[in-house]
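Quick mapping for you: the protein sequence lines, in order, are chains E, W, D, L, V and R. Quick note: the first sequence uses the UniProt record's numbering, first residue 1, plus one each step. Quick note: the second sequence uses the UniProt record's numbering, first residue 1, plus one each step. Quick note: the third sequence uses the UniProt record's numbering, first residue 1, plus one each step. Quick note: the fourth sequence uses the UniProt record's numbering, first residue 1, plus one each step. Quick note: the fifth sequence uses the UniProt record's numbering, first residue 1, plus one each step. Quick note: the sixth sequence uses the UniProt record's numbering, first residue 1, plus one each step. Idealized CB from N, CA, C, for every residue including glycine. Encoded as structure tokens, the structure appears first; notes follow it.
Protein chains: 6
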Amino acid sequence: MPIVHIELLEGRTQEQKNEMVKEVTEAIVRTTGAKEEAVSIVISDMSKGNYAVGGKTLVQK
Amino acid sequence: MPIVHIELLEGRTQEQKNEMVKEVTEAIVRTTGAKEEAVSIVISDMSKGNYAVGGKTLVQK
Amino acid sequence: MPIVHIELLEGRTQEQKNEMVKEVTEAIVRTTGAKEEAVSIVISDMSKGNYAVGGKTLVQK
Amino acid sequence: MPIVHIELLEGRTQEQKNEMVKEVTEAIVRTTGAKEEAVSIVISDMSKGNYAVGGKTLVQK
Amino acid sequence: MPIVHIELLEGRTQEQKNEMVKEVTEAIVRTTGAKEEAVSIVISDMSKGNYAVGGKTLVQK
Amino acid sequence: MPIVHIELLEGRTQEQKNEMVKEVTEAIVRTTGAKEEAVSIVISDMSKGNYAVGGKTLVQK
Numbered sequence: 001m002p003i004v005h006i007e008l009l010e011g012r013t014q015e016q017k018n019e020m021v022k023e024v025t026e027a028i029v030r031t032t033g034a035k036e037e038a039v040s041i042v043i044s045d046m047s048k049g050n051y052a053v054g055g056k057t058l059v060q061k
Numbered sequence: 001m002p003i004v005h006i007e008l009l010e011g012r013t014q015e016q017k018n019e020m021v022k023e024v025t026e027a028i029v030r031t032t033g034a035k036e037e038a039v040s041i042v043i044s045d046m047s048k049g050n051y052a053v054g055g056k057t058l059v060q061k
Numbered sequence: 001m002p003i004v005h006i007e008l009l010e011g012r013t014q015e016q017k018n019e020m021v022k023e024v025t026e027a028i029v030r031t032t033g034a035k036e037e038a039v040s041i042v043i044s045d046m047s048k049g050n051y052a053v054g055g056k057t058l059v060q061k
Numbered sequence: 001m002p003i004v005h006i007e008l009l010e011g012r013t014q015e016q017k018n019e020m021v022k023e024v025t026e027a028i029v030r031t032t033g034a035k036e037e038a039v040s041i042v043i044s045d046m047s048k049g050n051y052a053v054g055g056k057t058l059v060q061k
Numbered sequence: 001m002p003i004v005h006i007e008l009l010e011g012r013t014q015e016q017k018n019e020m021v022k023e024v025t026e027a028i029v030r031t032t033g034a035k036e037e038a039v040s041i042v043i044s045d046m047s048k049g050n051y052a053v054g055g056k057t058l059v060q061k
Numbered sequence: 001m002p003i004v005h006i007e008l009l010e011g012r013t014q015e016q017k018n019e020m021v022k023e024v025t026e027a028i029v030r031t032t033g034a035k036e037e038a039v040s041i042v043i044s045d046m047s048k049g050n051y052a053v054g055g056k057t058l059v060q061k
């Protein structure tokens with residue numbers, strides 16, 4: 001039943017996302033004992049204008 | 001004050017969403033005693049490439 | 001595959017929560033065509049000190 | 001390490017967002033003692049069809 | 001209608017939280033034109049064992 | 001800058017969580033090119049009464 005949300009800066013390819021969810025799922029299964037088919041992952045692509053660190057969005061850096 | 005987030009696969013019509021938020025709000029009001037106007041709902045449309053179960057995104061299935 | 005998060009003020013009984021997830025799930029199934037067993041719901045209990053509207057937490061009201 | 005998510009109705013300019021993350025970060029630094037560079041903010045733009053209050057999406061109002 | 005979630009390491013006092021939500025709300029009102037009473041804020045207190053940076057939880061640092 | 005949220009049923013040990021965040025971070029670094037120190041992970045422990053699948057909380061199953 002693990003539910004995973006991953007927020008990434010936009011620009012990753014679908015292939016990278018496919019690889020990422022495969023490996024993250026395996027890591028969770030290995031370390032928590034959850035069943036593989038019970039792991040859900042939702043990816044959010046953040047635009048540079050919608051992400052900020054230290055008070056500045058990435059379009060300002 | 002209930003705040004509800006619903007993540008759905010993209011492809012639902014606006015009409016379906018309108019119907020969904022109406023019925024979900026009624027269900028919460030009925031069962032928790034919250035006031036109708038205090039229920040907020042945010043819908044997120046997930047693309048098939050951004051949602052994975054069992055280590056595979058839905059574009060791989 | 002709908003994933004639902006519901007943030008409620010603490011104080012609802014387990015019975016109210018059971019009733020709520022049953023009715024919310026039915027509402028989503030009815031209006032979106034999702035399968036019942038594919039609907040996941042996570043409830044978060046907010047304390048009054050951790051929830052604010054209009055710039056004041058509920059412990060201040 | 002504070003992580004902040006702000007959901008806004010779409011339509012704010014990038015300039016408004018830049019100003020908002022600057023002032024929100026300063027507010028958190030001032031009141032919690034967190035370091036400025038440790039504050040992350042993610043903005044989500046909600047469409048009117050994906051946000052509901054009182055059982056109605058904003059496209060219905 | 002802005003909905004704000006702030007995840008903080010546990011240990012802030014209620015007074016700090018009260019001050020924080022007041023100032024964050026003011027910052028959002030000032031920069032986006034939202035009405036004060038329309039801003040909701042939910043705070044989550046993260047324990048050190050449930051927060052990680054760089055692959056290590058804070059209990060390991 | 002990846003921000004990861006993992007919702008798990010309560011009952012995992014701190015050691016399991018430490019191992020999980022280590023391996024999940026490595027998986028994200030390997031597949032997306034993000035820097036290790038830029039990956040933040042927040043874990044939420046869900047109680048059985050606050051998690052439901054198919055319209056029933058886990059305390060009902």
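Residue i: contacting residues in chain L (beta-carbon distance under 8 angstroms)
i	result
residue 39 of chain E	Result: empty, since nearest Cβ-Cβ is about 22 angstroms, beyond 8 angstroms.
Three-state secondary structure assigned by DSSP to residue i
i	result
residue 13 of chain R	coil
residue 61 of chain V	coil
residue 53 of chain W	strand
residue 4 of chain W	strand
residue 39 of chain V	coil
Inter-residue CB distance, residue i and residue j (contact presumed, cutoff 8 angstroms)
i	j	result
residue 29 of chain L	residue 23 of chain L	Actually they do not touch by this definition, with Cβ atoms about 11 angstroms apart.
residue 7 of chain V	residue 46 of chain V	6 angstroms
Cβ neighbours of residue i in the same chain (closer than 6 angstroms, five flanking residues each side left out)
i	result
residue 5 of chain E	42
residue 3 of chain L	40
residue 10 of chain L	45, 47
Proximity below 8 angstroms, CB of residue i to CB of residue j
i	j	result
residue 20 of chain W	residue 51 of chain D	no
residue 13 of chain E	residue 54 of chain W	no
residue 61 of chain V	residue 49 of chain D	no
residue 27 of chain R	residue 34 of chain E	no
Residue i: contacting residues in chain V (beta-carbon distance under 8 angstroms)
i	result
residue 3 of chain W	3, 40, 42
residue 32 of chain L	8, 12, 16, 20
Close Cβ partners of residue i (< 8 angstroms) along its chain, the five nearest in sequence each way excluded
i	result
residue 59 of chain E	48, 49
residue 57 of chain D	48, 49, 50, 51
residue 32 of chain D	2
residue 38 of chain V	1, 2
Partner residues on chain E for residue i, Cβ-Cβ distance less than 7 angstroms
i	result
residue 7 of chain W	42
Under 7 angstroms by beta carbon: chain W residues contacting residue i
i	result
residue 36 of chain D	Here the premise fails: no neighbours, minimum Cβ distance about 14 angstroms.
Contacts of residue i in chain R (Cβ-Cβ under 8 angstroms)
i	result
residue 27 of chain E	20, 23, 24, 26, 27
The ligand MG heavy atom lying under 7 angstroms from the CB of residue i
i	result
residue 52 of chain E	No copy of the ligand MG occurs in the structure displayed, which carries no ligand at all.
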